[in-house]
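Chains C and E, in that order, are what the protein sequence lines are. So for the first sequence, UniProt numbering puts the first residue at 1; every next one is plus one. So for the second sequence, UniProt numbering puts the first residue at 1; every next one is plus one.
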Amino acid sequence: MSDSVFASVVQAPEDPILGEGKPLVLNVVRKAEQMLVNDQSRVKEYLPITGLADFNKLSAKLIFGANSPAIQENRVTTVHVSGTGSLRVGAEFLARHYHEKTIYIPQPTWGNHPKVFTLAGLSVKSYRYYDPSTRGLDFSGLEDLGSAPSGAIVLLHACAHNPTGVDPTSDQWEQIRQLMRSKGLLPFFDSAYQGFASGNLDADAGSIRLFVADGGECLAAQSYAKNMGLYGERVGALSIVCKTADVATRVESQLKLVIRPMYSNPPIHGPSIVATILKDGDMYTEWSVELKAMADRIISMRQQLYDALCARGTPGDWSHIIKQIGMFTFTGLNTNQVAFMTKEYHIYMTSDGRISMAGLSSRTVPHLADAIHAAVNSVA
Amino acid sequence: MRTSMMSSIGMGAEEPSVGISEAFGADRHEMKLELGLGAYRTEDLQPYVLNVVKKSCLVLGRTGCHGAGYFRNRLSAACCCAHTQTFSCFQDSHIIPTWGNHPNILNDAQLPWSEYRYYDPVTVGLDFQGMISDIKAAPEGSFVLLHGCAHNPTGIDPTPEQWEIIADVIQEKKHIPLFDVVYQGYASGRVEADASSVRLFAARGMELLVAQSYSKNMGLYAERIGAINAVCSSPDSAQRVKSQLKRLARAMYSNPPVHGARIVTNVVGNSDLFSEWEEELQLMAGRIKSVRKKLYDCLNAKDKSGKDWSFFVKHIGMYSYAGLNEAQRENMRNKWHVYMTKDGRMALTGVSQAKCEYLADAFIDSYHNAS
């Protein structure tokens with residue numbers, strides 16, 4: 001038998017994160033799905049390249065605010081893609097049509113970001129973001145943005161930074177905005193946790209709306225994976241806020257040319273669920289209530305873990321657990337300590353010390369606290 | 001106000017089918033026909049959601065198995081085949097003519113491509129000698145894009161004997177076949193028969209890539225469900241290929257949409273639903289075949305010039321290249337309100353039995369009187 005033509009293909013490394021997960025299915029999502037299934041008039045014809053129009057408009061309103069001048073002035077173009085897909089489509093569009101091909105990503109960031117941007121054809125650099133000594137924001141590290149070339153693209157996590165859980169304050173966001181606008185840097189927001197971070201949809205969109213309010217341009221990738229629990233349905237949106245309606249129209253036409261050879265048009269099921277919920281006042285309210293409950297649960301886990309560590313007298317300052325926001329906490333534990341916790345206590349977490357608070361319950365918090373306590377005391 | 005950072009961006013060319021749909025939508029003529037679309041229609045020219053799909057959706061709705069977690073890639077290493085559920089994405093070198101999006105896909109994937117002859121306008125059939133000769137002339141180890149069945153846009157497929165010869169040449173030149181299989185079951189009405197070209201190659205132990213789509217054969221257009229299969233000569237190769245496919249998928253869209261996949265799994269994995277699916281496929285393919293026959297009969301009855309219209313019944317699948325030139329196509333559209341794509345492809349799904357006579361009149365008039 002002759003050699004495989006793929007003989008020289010090497011084994012790619014396993015993705016560090018994707019594995020098991022047992023997310024919650026929201027009641028309002030079940031309701032919406034039942035409505036869709038029961039509607040016998042629904043067909044499965046191809047969507048337009050940009051996706052479901054309803055969904056696109058509603059998503060833009062959700063992130064930018066219903067009264068956003070950018071929307072009213074038709075300066076926003078929105079396409080439906082998954083969260084990851086929004087990043088990739090946006091990046092491919094920039095790689096082809098934007099004059100600056102470098103994107104600055106925060107250090108650290110979601111593991112998939114560098115791969116998405118690199119394969120899209122952008123050159124990736126980073127800016128300092130996390131300060132391990134304070135387990136908070138390295139605000140002076142944002143000087144790295146100050147030395148970026150004019151026009152460079154900057155990736156910003158809209159809220160609930162992944163993996164650190166560290167977000168700038170409102171004042172700090174304003175300073176970041178001024179710095180970026182003065183240098184002509186192009187913001188590319190990744191918004192994966194709107195509503196899921198603080199429990200308030202508007203508050204969690206605050207950073208993006210601050211930038212849009214100054215009349216400037218930006219990109220925003222949204223995901224409904226977490227905040228609507230629609231992980232497997234692949235629902236999200238890419239919005240590009242432009243200076244003028246004319247530019248927005250041209251940008252949309254070019255986005256279509258990126259999308260068509262990539263996947264032709266997007267899946268219908270997920271955005272239909274989202275549109276059903278967003279356009280119905282009662283369902284929207286029900287969703288916000290469920291979302292707040294999810295966010296509150298996570299906030300409560302943070303508090304419980306912090307209290308448990310204090311009660312055990314675990315050495316160190318653990319206040320970052322309650323200062324950080326969103327699904328993840330950067331504990332500050334090192335790889336040896338993490339390995340210890342996995343081996344001795346069967347705690348599974350990423351080796352950078354990140355834990356998903358969503359994976360905790362009141363029942364399991366004491367076990368985690370014991371593990372951290374033991375790790376800190378026995379492993380350097 | 002500062003100028004836009006994107007002010008130099010030009011307007012991108014519109015998707016060709018959009019113009020047709022819009023023009024058709026604006027047309028008020030009672031006999032108008034939309035032959036540009038690429039989707040199945042019933043005899044009433046309405047979209048069709050398969051019964052097996054409706055049943056699956058109800059089952060999925062009741063059991064609440066939805067949205068739960070990211071959908072894992074499926075792999076079957078045992079048959080030396082790595083397959084990953086994807087949207088529909090693939091890369092390669094291609095035929096003329098071929099689906100309009102193939103060149104765009106290859107360009108964006110930065111895969112250099114060239115063409116091999118396929119369509120013979122004189123016979124309105126396959127240019128088999130041209131095809132074989134061009135594939136032979138390609139540098140050794142090239143990828144060769146092949147349509148598994150029901151070639152889009154021509155409707156012209158090689159015969160089983162011709163497929164054997166194509167496989168011979170590809171093997172001899174150590175080329176790698178990439179099959180685009182969009183119409184399995186939807187072409188002949190039989191799932192097994194429509195896969196015979198792919199199976200012929202696989203049976204020879206050849207390595208190949210196969211892109212599948214369930215858009216047409218399960219009517220799941222908007223669910224975006226298909227698969228890329230890589231048949232390799234060893235489980236080890238298959239493993240490595242799969243790992244690279246995952247890496248590409250992760251940086252493109254992370255993981256695929258679950259809904260359509262669940263429907264397909266439900267139907268294909270349940271023997272009763274599978275049988276019911278095959279019956280629905282026969283209905284759909286049967287309707288298209290009967291439209292072809294009716295159109296052909298009408299053309300024969302009305303056109304006494306001796307022109308051979310039999311290509312309509314020799315072609316297979318949803319599409320036919322009608323062999324009309326630009327002036328003739330314009331006549332179809334402007335005088336007869338019959339819309340087809342610019343390259344002359346017509347979708348028989350847009351035709352009902354009741355409209356065959358009118359369509360025949362349109363063809364006869366356009367063919368003979370427009371130049």
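Where a beta carbon is used, it is the ideal one built from N, C-alpha and C, also for glycine. This one's a predicted model, so the numbers in the text were calculated from it and none came from an experiment.
- Excluding the five sequence neighbours on either side, which residues of its own chain have a C-beta within less than 7 Å of the C-beta of Gly-155(E), listed in chain order? His-315, Ile-316, Gly-317, Tyr-319, Ser-320, Tyr-321
- Query: Which residues, in chain order, does the segment 213-238 of chain C contribute to contact with chain E at a C-beta distance below 9 Å?
  - Reply: Those would be Gly-215, Gly-216, Glu-217, Ala-225, Met-228, Gly-229, Leu-230, Tyr-231, Gly-232, Glu-233, Arg-234, Val-235, in chain order.
- Flag Tyr-104(C) as yes if its beta-carbon sits less than 7 Å from any beta-carbon of chain E, otherwise no. No - not a single Cβ of chain E is within 7 Å of the one on Tyr-104(C).
- Query: Does the separation of the CB atoms of Ile-153(C) and Leu-186(C) fall below 7 Å?
  - Reply: yes
- Message: With a threshold of 8 Å, are at least 3 pairs of Cβ atoms found where one atom belongs to the segment 224-233 of chain E and the other to the segment 205-212 of chain E?
- Response: yes
- Item | Under 7 Å by beta carbon: chain E residues contacting Pro-132(C) | Under the 7 Å cutoff, chain E gives no residues; its nearest Cβ is about 27 Å from Pro-132(C).
- Message: Which same chain residues end up closer than 8 Å to Asn-369(E) when comparing Cβ atoms and leaving out the 5 residues on each side of it in sequence?
- Response: Asn-331
- Simplified DSSP assignment, three categories, for Phe-6(C): In the structure shown, Phe-6(C) sits in coil (DSSP, three-state: anything other than H, G, I, E or B).
- Message: Quick check on Cys-232(E) - is its C-beta less than 7 Å from some C-beta in chain C?
- Response: yes
- Message: Closer than 9 Å between beta carbons: that is the criterion. Which residues of the segment 106-125 of chain E meet it against chain C?
- Response: Leu-106, Asn-107, Asp-108, Ala-109
- Residues of its chain near Asn-334(C), where Cβ-Cβ distance is below 7 Å and the 5 sequence neighbours each way are ignored: Result list for Asn-334(C): Gly-353, in chain order.
- Message: Measuring only the C-alpha atoms, how far is Ala-327(E) from Pro-271(C)?
- Response: 43 Å
- What first and last residue would you give for the alpha helix (DSSP H) that runs through Leu-210(C)? 206-213
- Query: Assuming Lys-243(C) and Phe-196(C) make a contact with CB atoms under 8 Å, what is their CB distance in whole Å?
  - Reply: Incorrect: roughly 31 Å between the Cβ atoms, too far for contact.
- What's the call for Asn-27(C), buried or exposed, on a 16-neighbour Cβ count within 10 Å? exposed
- Task: Name the residue from Val-251(C), Leu-156(C), Val-124(C) whose alpha carbon lies nearest to the alpha carbon of Leu-142(C).
- Result: Leu-156(C)
- Could you pull the start and end residues of the alpha helix (DSSP H) that Cys-298(E) belongs to? 271-302
- Query: Quick one: which chain E residues come within Cβ less than 7 Å of Tyr-129(C)?
  - Reply: Simply none; closest approach about 21 Å.
- Message: Suppose the cutoff is 6 Å on Cβ atoms and the five residues either side in sequence are ignored; what does the same chain contact list for Trp-99(E) look like?
- Response: Asn-152
- Assigned secondary structure, Thr-329(C) (DSSP; H/G/I helix, E/B strand, else coil): Here Thr-329(C) sits in strand by DSSP.
- Item | Reduced DSSP category for Ile-165(E) - H, G, I as helix; E, B as strand; rest coil | helix
- Query: Can the beta-carbon of Asp-144(C) be found less than 7 Å from the beta-carbon of Tyr-127(C)?
  - Reply: yes
- Quick one, are the C-beta atoms of Val-267(E) and Ser-56(E) less than 7 Å apart? Yes. Within cutoff.
- Query: Considering Tyr-253(E), what are the terminal residues of the alpha helix (DSSP H) in which it resides?
  - Reply: 235-253
- Message: Does Gln-34(C) come out as helix, strand or coil in the three-state DSSP assignment?
- Response: helix
- Item | Neighbour flag for Leu-283(E) against chain C, beta carbons, 7 Å | Not one chain C Cβ lies under 7 Å of Leu-283(E).
- Item | Where Ser-351(C) sits in the DSSP three-state scheme | coil
- Message: Strictly below 8 Å CB to CB, what residues from chain C border Ser-4(E)?
- Response: Glu-217, Cys-242, Lys-243, Thr-244, Val-247
- Message: Does the CB of Leu-178(E) have a neighbour CB from chain C at under 7 Å?
- Response: no
- Query: Counting contacts by CB-CB distance shorter than 7 Å, is Phe-6(C) in contact with chain E?
  - Reply: yes
- Whose CA, out of Ser-253(C), Ile-372(C), Thr-276(C), lies closest to the CA of Lys-343(C)? Ile-372(C)
- Query: Three-state secondary structure (DSSP) at Glu-143(C)?
  - Reply: helix
- Reduced DSSP category for Cys-218(C) - H, G, I as helix; E, B as strand; rest coil: The answer is strand: DSSP assigns Cys-218(C) an E or B state.
- Item | Own chain residues within Cβ distance below 6 Å of Glu-100(C), not counting five before or after | Hits under 6 Å: Gly-151, Ala-152.
- Query: Nearest-angstrom Cα distance between Asn-104(E) and Ala-249(E)?
  - Reply: 19 Å
- Item | Cβ neighbour criterion (16 or more within 10 Å) applied to Thr-164(C) | buried
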